[in-house]
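Take a look at the structure set out below.
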Amino acid sequence: METTGVCEIDVASRKIVGGSDSPLNLDSPCQEDVTEFGLGLCCTEEERGETPGREDSPSDLGEAELDPGGDAKTGEDKALGKEVVLLMQALNSLATPEEKLAALCKKYADLLEESRCMQKQLKALQKKQSQIVKEKVHLQGEHSKAILARSKLESLCRELQRHNKTLKEENAQRSREYEEQRKEAMLHFQMTLGDIEVQMEQHSSHNAKLRQENMELAEKLKKLIEQYELREEHIDKVFKHKELQQQLMDAKLQRITEMMKEVEEKQQRERDFLLKDATESRRKCELMKEQEAQLKQQLSLYMDKFEEFQTTLAKSNEVFTTFRQEMEKMTKKIKKLEKETTQWRTKWESNNQALLQMAEEKTLRDGHFKAMQGKLELLERLCRALQKERNDLNNRLSLLQQGDKGTAPPPDAQPRQPSVEEEEDEEEEEDSEDSAQGDGHETGGVHQAPRPPEMDPMPAASVTTTTALLTSIQSAETAAALQD
Numbered sequence: 001m002e003t004t005g006v007c008e009i010d011v012a013s014r015k016i017v018g019g020s021d022s023p024l025n026l027d028s029p030c031q032e033d034v035t036e037f038g039l040g041l042c043c044t045e046e047e048r049g050e051t052p053g054r055e056d057s058p059s060d061l062g063e064a065e066l067d068p069g070g071d072a073k074t075g076e077d078k079a080l081g082k083e084v085v086l087l088m089q090a091l092n093s094l095a096t097p098e099e100k101l102a103a104l105c106k107k108y109a110d111l112l113e114e115s116r117c118m119q120k121q122l123k124a125l126q127k128k129q130s131q132i133v134k135e136k137v138h139l140q141g142e143h144s145k146a147i148l149a150r151s152k153l154e155s156l157c158r159e160l161q162r163h164n165k166t167l168k169e170e171n172a173q174r175s176r177e178y179e180e181q182r183k184e185a186m187l188h189f190q191m192t193l194g195d196i197e198v199q200m201e202q203h204s205s206h207n208a209k210l211r212q213e214n215m216e217l218a219e220k221l222k223k224l225i226e227q228y229e230l231r232e233e234h235i236d237k238v239f240k241h242k243e244l245q246q247q248l249m250d251a252k253l254q255r256i257t258e259m260m261k262e263v264e265e266k267q268q269r270e271r272d273f274l275l276k277d278a279t280e281s282r283r284k285c286e287l288m289k290e291q292e293a294q295l296k297q298q299l300s301l302y303m304d305k306f307e308e309f310q311t312t313l314a315k316s317n318e319v320f321t322t323f324r325q326e327m328e329k330m331t332k333k334i335k336k337l338e339k340e341t342t343q344w345r346t347k348w349e350s351n352n353q354a355l356l357q358m359a360e361e362k363t364l365r366d367g368h369f370k371a372m373q374g375k376l377e378l379l380e381r382l383c384r385a386l387q388k389e390r391n392d393l394n395n396r397l398s399l400l401q402q403g404d405k406g407t408a409p410p411p412d413a414q415p416r417q418p419s420v421e422e423e424e425d426e427e428e429e430e431d432s433e434d435s436a437q438g439d440g441h442e443t444g445g446v447h448q449a450p451r452p453p454e455m456d457p458m459p460a461a462s463v464t465t466t467t468a469l470l471t472s473i474q475s476a477e478t479a480a481a482l483q484d
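In structure tokens, the structure reads:
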């Protein structure tokens, strides 16, 4: 039952964004407070003009683009009605008000994180859109510049062709004039020759004069021919110069045509890129149209649901006003609890530090305790060895005393075996003496139990055992001191 309720709250709270990130209220509210809390939350979001749980969402953006006036508002109101119904169903499915409030706050935190992620994505997309618009404007400017350059190059080509045409016409006109002059000179020369022949035929008397004149005319003719040859050479040079100029102009024209081809290729590439961009934008436009149709269908559904919700909303206005007052009280309590949580957090941190210090002290004391326990075991061994040695010495002493007397003791005077109670009393006394001896060892000196004067000369074996035990005790004490 609890898991299904949490899932329903997950679905309902996907569409609700709360008002604060404060911690949960520790006071457990009643069922009516929780329901009023859900309704008041939706009311506050409606007063602000926002749809809970759908801040900056793509669907709201699409609705705002379709109808920035009343259609977006009606869609938000319908979504609000559906969200309130789902929230009430999810809250009613839970058992206790504490579970309802905890689940609601948990889902509110998740939705707040999702809304922040969506806002970040929206900002990134807006930046990308602005960059694309800038690139488009830049490409349009380059395209216009290329068109202007092309028009300038075309005008230059036309002027160059016109200039070449005028040069060709001038050259042709000059060549025609030269031909006419040459023909006139030939005609004049022929006429003069005819006149000379007529005169030679008519005036034979004047042959000498005419011969002289002919010689002069021959010289003049030679000069004229020389001038004519010089003029032809000059004209050839002029033609060669014009041909070189024509070749230079042809090379310039070829270079300009190559540049025009490059510009046309660049424009073709730009045209292809723009065509691809246009096809992609057309496809996106079709997708947006499909989304628009779907959003219109959703809008119609939301309008129907809003009409159903409007009837219930009129009844719950009074509940909203009462809940607003209770919500203000809850905010005050939450602030108070936040202060208490900060105080408890500081106390917890100080206690945690004290606990760490106590743990360190405990580890040190455990090591000291282990060392003391080892000392205690060694002292117990020494105590047992000394007790055994004392019993042996007492037996020997009794035997020596009997040997000095020279008479056998009566049965009552024989050394009897100590009873269990006497042995226990002796062991307790020996333990007390051993503890006193152990304290003496810790201070640096070893005190032995008092012995009778007859037993001062101890056997070698007992002396060696006691010395070995004492050396082992001293070594253990030094090791413990080093550890400390």
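Position 269 of the sequence shown, counting from 1, maps to 269 under UniProt numbering, and the rest follow consecutively. Note that beta-carbon positions come from the ideal geometry of N, C-alpha and C, so glycine has one too. A quick note: this is a predicted structure, and the numbers were derived from the prediction, not measured.
Residue i versus residue j - alpha carbon distance
i, j, result
"D404", "K375", "43 Å"
"Q181", "Q268", "56 Å"
"M259", "S155", "14 Å"
"A109", "L125", "25 Å"
"residue 485", "K106", "Examination of residue 485 is not possible in this model, given that the chain is present from 1 through 484 alone."
"S316", "M327", "16 Å"
"R231", "H143", "55 Å"
"Y302", "E292", "15 Å"
"H234", "E177", "15 Å"
"M88", "F323", "15 Å"
"E113", "E318", "32 Å"
"K261", "K128", "35 Å"
"V198", "K209", "14 Å"
"G194", "R162", "48 Å"
"Q121", "L111", "15 Å"
"Q254", "R271", "25 Å"
"R345", "Q353", "12 Å"
"Q381", "E349", "A small correction: the amino acid at residue 381 is Arg; Gln does not occupy that position in the sequence shown. If I take the Cα positions, the gap works out to 48 Å."
"I334", "Q325", "14 Å"
"T478", "Q401", "43 Å"
"S151", "D236", "38 Å"
"T35", "A103", "Confidence in T35 is poor, its pLDDT being 44 and thus under 50, which makes the residue's placement too unreliable to answer from."
"L356", "R396", "60 Å"
"E166", "K222", "A small correction: the amino acid at residue 166 is Thr; Glu does not occupy that position in the sequence shown. Going by the C-alpha atoms only, they are around 36 Å apart."
"P409", "D366", "Unreliable placement is indicated for P409, whose pLDDT of 46 sits below 50; no coordinate value is reported for it."
"L295", "L337", "44 Å"
"R158", "A251", "15 Å"
"I132", "R116", "25 Å"
"V201", "R211", "The displayed chain sequence assigns Glu, not Val, to residue 201. If I take the Cα positions, the gap works out to 13 Å."
Residue environment, residue i, which counts as buried when at least 16 other CB atoms sit within 10 Å
i, result
"K78", "buried"
"M288", "exposed"
"V238", "exposed"
"C30", "With a pLDDT of 40 at C30, under the threshold of 50, the modelled position of this residue cannot be trusted; read the value that follows with caution. Label assigned to C30: exposed."
"T471", "exposed"
"K100", "buried"
"V84", "buried"
"C285", "exposed"
"C383", "buried"
"F306", "buried"
"A359", "exposed"
"M191", "exposed"
"R416", "Bear in mind that the predicted position of R416 carries a pLDDT of just 46, short of 50, making it unreliable; the figure below should be weighed with that in mind. So R416 ends up on the exposed side."
"A90", "buried"
"M330", "buried"
"E389", "buried"
"F309", "buried"
"P450", "With a pLDDT of 41 at P450, under the threshold of 50, the modelled position of this residue cannot be trusted, and the question is left open."
"L94", "buried"
"L399", "exposed"
"L364", "exposed"
"L313", "buried"
"residue 549", "What the structure shows of the chain is the stretch from 1 to 484, and residue 549 is not part of that stretch, so it cannot be assessed."
For residue j and residue i, believed in contact at Cβ under 8 Å, the rounded distance
i, j, result
"N214", "I196", "7 Å"
"A146", "V263", "6 Å"
"K242", "N171", "6 Å"
"L148", "I256", "Not really, about 16 Å apart at Cβ, beyond 8 Å."
"M249", "L160", "7 Å"
heavy atom of the ligand ADP below 8 Å from residue i C-beta
i, result
"E184", "Here there are no bound small molecules, and the ligand ADP is not part of this structure."
CB contact below 9 Å: residue i versus chain C
i, result
"M191", "Absent here is chain C; the protein component of the structure consists of one chain."
* Continuous alpha helix (DSSP H) assignments of at least 4 residues falling wholly in the segment 149–212 -> none
* **alpha helix (DSSP H) runs contained entirely in the segment 340–406, provided each spans 4 or more residues** => none
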